[in-house]
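Be aware that the sequence shown starts at 5, since it is given in the working numbering, and climbs by one per residue.
One structure is given here, and the rest of the page talks about it.
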Amino acid sequence: MEGDLHLLDTIDELENLGSPQHTGVQDSVSNEETQENVHAKKPRKRTSAVWDHFAEVEVGGVTKNQCQWCKSKFTKSKSSSTTTLSRHLQSCFKYIGAKKKQKLLLVDGSEDADGANIVSNFNYDEGKVRDFCLT
């Protein structure tokens, strides 16, 4: 009885020899793909602060850098230099306006429990003033 079980195990092993699991072909393909992924070169990290204000967009199959403030598009250089982009930020009126926003103090006529006036921040908005003047 024990000899018959051993014979059945041997027959099962012989039948499974032709399967991809036992040939090692599948394993070697997986190992080669893993090794290629390990040795792939990683892209360099962007360290310039300019990249906080630009996004890469695809225009007609060409990748360009787009200003997030004024939506101007610039051709992407091969060396990823940021000189053109930083010069643009120095003259981009929307960026300059957002960076140097003037704050005004608004003093309410109401007084605090201590008798002091309440002071809060006020942002000048040209659109609101225009709407107010037109009404």
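Glycine included, every Cβ here is placed at the ideal spot set by N, Cα and C.
Remember, predicted model here, so these are calculated numbers, not experimental data.
Given this structure, state the Cα-to-Cα distance separating residue i from residue j, to the nearest angstrom.
i, j, result
"F97", "E130", "15 Å"
"I100", "L93", "8 Å"
"V66", "T139", "47 Å"
"G59", "A44", "Note that residue 59 corresponds to Ala in the displayed sequence, not to Gly. When rounded, the distance between both Cα atoms is 25 Å."
"K153", "K103", "No information on residue 153 is available, as it lies outside the stretch 5 to 139 that the chain covers here."
"V42", "S84", "25 Å"
"S95", "Y128", "22 Å"
"V63", "C137", "41 Å"
Our contact map puts residue i next to residue j with C-beta atoms below 8 Å; I'd like the distance itself, whole angstroms only.
i, j, result
"C74", "H57", "About 10 Å separates the two Cβ atoms, so there is no contact after all."
"K77", "V61", "7 Å"
"K68", "K80", "6 Å"
Can you tell me which residues form a DSSP beta bridge with residue i?
i, result
"C71", "F58"
"T79", "K68"
"V63", "V66"
Here's a check: name, in chain order, each residue in its chain whose Cβ is nearer than 7 Å to the Cβ of residue i, leaving out the five neighbours to either side.
i, result
"T86", "S52 and V54"
Starting from the C-beta of residue i, find all residues in its chain whose C-beta is less than 6 Å away, skip the five residues before and the five after it, and write them out in chain order.
i, result
"S90", "V54"
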